[in-house]
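Undergrad: The sequence shown runs 514 to 864 under our numbering. The structure under discussion is supplied below as structure tokens; questions concerning it will follow.
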Amino acid sequence: MFDIGFYMKIHSLNKRLLNGEKLEKAFLQAEFEKFRNKTPVVYNIETTNACNMRCKMCPRTTMMTRKTDTLNLADFTNIVEQLLPWTGKEWNTWKSFVIDNYGILENEMSENHFFLYIIPKVIQLHGYGDPLLDKNMPEIIRVLSQKGFYSYFSCNPANINIDKTIQMFENGLDYIKYSIESVDDEKHKKIRGGASDFTKSYQKILKLLDLKKQRDYKTTIIITMLDLNHEWQEEEYTKLKKAFEGLDVYIYMKSEDQQWYRQDFHGTKSIHWSELCKHPWMSMTIKSNAEAAMCMEDFNNEIILGNVRENSLFDIWNGEKYKEFRMNHFNNQKGIKCFEECDMKIVGDCL
Numbered sequence: 514m515f516d517i518g519f520y521m522k523i524h525s526l527n528k529r530l531l532n533g534e535k536l537e538k539a540f541l542q543a544e545f546e547k548f549r550n551k552t553p554v555v556y557n558i559e560t561t562n563a564c565n566m567r568c569k570m571c572p573r574t575t576m577m578t579r580k581t582d583t584l585n586l587a588d589f590t591n592i593v594e595q596l597l598p599w600t601g602k603e604w605n606t607w608k609s610f611v612i613d614n615y616g617i618l619e620n621e622m623s624e625n626h627f628f629l630y631i632i633p634k635v636i637q638l639h640g641y642g643d644p645l646l647d648k649n650m651p652e653i654i655r656v657l658s659q660k661g662f663y664s665y666f667s668c669n670p671a672n673i674n675i676d677k678t679i680q681m682f683e684n685g686l687d688y689i690k691y692s693i694e695s696v697d698d699e700k701h702k703k704i705r706g707g708a709s710d711f712t713k714s715y716q717k718i719l720k721l722l723d724l725k726k727q728r729d730y731k732t733t734i735i736i737t738m739l740d741l742n743h744e745w746q747e748e749e750y751t752k753l754k755k756a757f758e759g760l761d762v763y764i765y766m767k768s769e770d771q772q773w774y775r776q777d778f779h780g781t782k783s784i785h786w787s788e789l790c791k792h793p794w795m796s797m798t799i800k801s802n803a804e805a806a807m808c809m810e811d812f813n814n815e816i817i818l819g820n821v822r823e824n825s826l827f828d829i830w831n832g833e834k835y836k837e838f839r840m841n842h843f844n845n846q847k848g849i850k851c852f853e854e855c856d857m858k859i860v861g862d863c864l
């Protein structure tokens with residue numbers, strides 16, 4: 514989830530800044546703080562950072578040094594109990610905003626539809642690990658369903674366990690995304706490592722789709738391919754779509770996040786990566802060691818703003834560390850990840 518109220522209220526300022534209008538820092542600080550909801554909204558909860566893949570585009574493979582952790586169920590439940598899902602009225606207002614400002618309809622299927630219609634309402638359960646390796650995932654899904662939240666995570670289909678996945682479907686999992694980079698097993702292994710494949714993964718997904726249809730599970734199965742700027746990418750994506758043609762899946766090509774990891778920036782079609790970073794004012798990320806981080810892209814937990822085992826989400830969100838972090842975005846504070854590594858535009862760049 515992210516704070517759809519803040520996103521809507523700040524939208525006109527976002528457009529003015531991106532169009533080159535120079536606005537006073539003091540004015541923007543006052544406006545951002547006025548629109549910021551004092552009740553925290555959590556974008557994602559990294560339930561585990563365990564992973565058996567070696568994805569060449571992921572900093573976990575070559576740059577992540579923090580130890581492997583899995584958030585315990587008690588901590589997860591404590592986090593969720595401090596949050597609120599959107600009301601029907603709030604969500605309808607958001608849908609009208611999306612249609613009016615982006616022209617994207619509710620029944621479409623694309624990268625930007627996914628960002629605007631799914632991400633704002635779900636608790637995202639992945640970070641720098643594969644949730645399929647978290648033994649508590651079925652119970653985590655149950656907790657979210659009972660509290661009225663939509664659930665979603667992205668994972669590697671080579672790790673699918675049919676019985677465990679069906680348990681998650683039965684417990685109310687709303688969205689599950691399988692990342693597939695090629696329909697050729699060897700190409701897939703070159704991108705995601707020796708533990709990955711297409712052939713076995715595809716057969717498992719077909720089995721899940723068959724069971725989903727038989728038992729009328731409501732989970733949406735999403736298939737994505739990352740745009741990694743390969744010369745064969747378009748042809749491979751066409752083959753992938755062909756493999757799932759006529760099946761009950763949501764499929765799209767996804768722009769690569771954080772292209773500085775590989776130093777070959779090749780552009781993005783994502784609304785999210787094209788606009789100003791709003792995360793300091795509209796969402797919080799919880800890592801697998803219970804730390805509250807600036808956002809999910811902080812793979813080594815370099816900017817930590819609190820710990821949910823020690824403080825409430827409210828106190829962290831409205832505390833001094835977050836206040837300083839927000840000021841840093843206005844001041845283009847040097848020496849931190851947001852300004853020296855992240856691909857997203859920062860409000861301080863526009864002043």
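Glycine included, every Cβ here is placed at the ideal spot set by N, Cα and C.
Once you ignore the five residues that flank Asn-820 on each side, which residues in its own chain have a CB closer than 6 Å to its CB?
TA: Ala-803 and Glu-804.
Undergrad: Could you give the DSSP three-state label for Thr-561: helix, strand or coil?
TA: If DSSP states are grouped into helix, strand and coil, Thr-561 belongs with the strands.
Undergrad: Kindly give me the distance between the Cβ atoms of Ser-664 and Ile-636, rounded to whole angstroms, as I take these residues to be in contact under 8 Å.
TA: Rounded, the Cβ-Cβ distance is 6 Å, consistent with contact.
Undergrad: Roughly how many angstroms lie between the CA atoms of Pro-598 and Gly-661, to the nearest whole one?
TA: Rounded to whole angstroms, Pro-598 to Gly-661 spans 7 Å at the Cα level.
Undergrad: Which runs of the beta strand (DSSP E) at least 3 residues long sit entirely within the region 663–700? Give them in chain order.
TA: Runs of the beta strand (DSSP E) inside the region 663–700: 663–668 and 688–692.
Undergrad: Taking one C-beta from the region 773–791 and one from the region 848–857 each time, how about it: are there three or more such pairs within less than 8 Å?
TA: Yes, the region 773–791 touches the region 848–857.
Undergrad: I need the boundaries of the beta strand (DSSP E) containing Gly-819, first residue and last residue.
TA: Note, Gly-819: beta strand (DSSP E), 817–820.
Undergrad: Mind checking which residues open and close the beta strand (DSSP E) that includes Tyr-763?
TA: That run of the beta strand (DSSP E) goes 763–768.
Undergrad: Tell me which residue opens and which closes the beta strand (DSSP E) that Ala-806 is part of.
TA: Start and end: 804–806.
Undergrad: Considering only C-alpha positions, which residue in the set Glu-594, Cys-564, Met-809 and Met-570 is nearest to Leu-826?
TA: Nearest C-alpha to Leu-826: Glu-594.
Undergrad: For Ile-704 and Glu-694, which I take to be in contact (beta-carbon distance under 8 Å), what is that distance rounded to the nearest angstrom?
TA: Yes, Ile-704 and Glu-694 are in contact; Cβ-Cβ is about 4 Å, under 8 Å.
Undergrad: Return yes when the Cβ of Pro-644 is within less than 8 Å of the Cβ of Thr-561, no when it is not.
TA: Yes, these two residues count as a Cβ contact at 8 Å.
Undergrad: Tell me whether the beta-carbon of Val-762 lies closer than 8 Å to the beta-carbon of Ile-784.
TA: Not in contact: Val-762 and Ile-784 (Cβ atoms no closer than 8 Å).
Undergrad: Using DSSP with H/G/I as helix, E/B as strand and the rest coil, what is Gln-776?
TA: Here Gln-776 sits in coil by DSSP.
Undergrad: Let me confirm a value: Gln-716 is counted as buried when at least 16 other C-beta atoms fall within 10 Å, else exposed. Which label applies?
TA: It is exposed - the Cβ of Gln-716 has fewer than 16 other Cβ atoms within 10 Å.
Undergrad: Look at Tyr-520 and Thr-798 and say whether their C-beta atoms are less than 8 Å apart.
TA: Going by C-beta atoms, Tyr-520 is not nearer than 8 Å to Thr-798.
Undergrad: If we ignore side chains and look at the alpha-carbon of each, how far apart do Ile-653 and His-639 end up?
TA: Approximately 12 Å between the Cα atoms of the pair.
Undergrad: Suppose contacts are defined by Cβ-Cβ distances below 8 Å. Is Val-860 in contact with Leu-789 by that definition?
TA: It is a contact, given that the beta carbons lie within the stated cut-off.
Undergrad: Which class does Thr-575 belong to by DSSP, given the choice of helix, strand or coil?
TA: Helix, per DSSP.
Undergrad: Hey, Ile-517 and Glu-603 are a contact pair by Cβ (cut 8 Å); roughly how many whole angstroms apart?
TA: Confirmed, Cβ separation roughly 7 Å.
Undergrad: What does the Cβ neighbour count give for Leu-818, buried or exposed, with the cut at 16 atoms within 10 Å?
TA: With 16 or more other Cβ atoms within 10 Å, it is buried.
Undergrad: Just the C-alpha distance for Gly-642 and Arg-579, rounded to the nearest angstrom, thanks.
TA: If you take the alpha carbons of Gly-642 and Arg-579, they lie about 12 Å apart.
Undergrad: How is Met-809 classed by DSSP in three states: helix, strand or coil?
TA: Met-809 falls in the coil class under three-state DSSP.
Undergrad: For the alpha helix (DSSP H) containing Val-656, list its first residue and its last residue.
TA: Run containing Val-656: 650–659, per the alpha helix (DSSP H) assignment.
Undergrad: Quick one: what does DSSP say Asp-862 is sitting in, helix, strand or coil?
TA: The answer is helix: DSSP assigns Asp-862 an H, G or I state.
Undergrad: Under the rule that 16 or more other beta-carbon atoms within 10 Å means buried, what is Ile-558, buried or exposed?
TA: Ile-558 comes out buried.
Undergrad: Given this structure, state the Cα-to-Cα distance separating Asn-845 from Leu-864, to the nearest angstrom.
TA: Cα to Cα, the separation comes out at about 10 Å.
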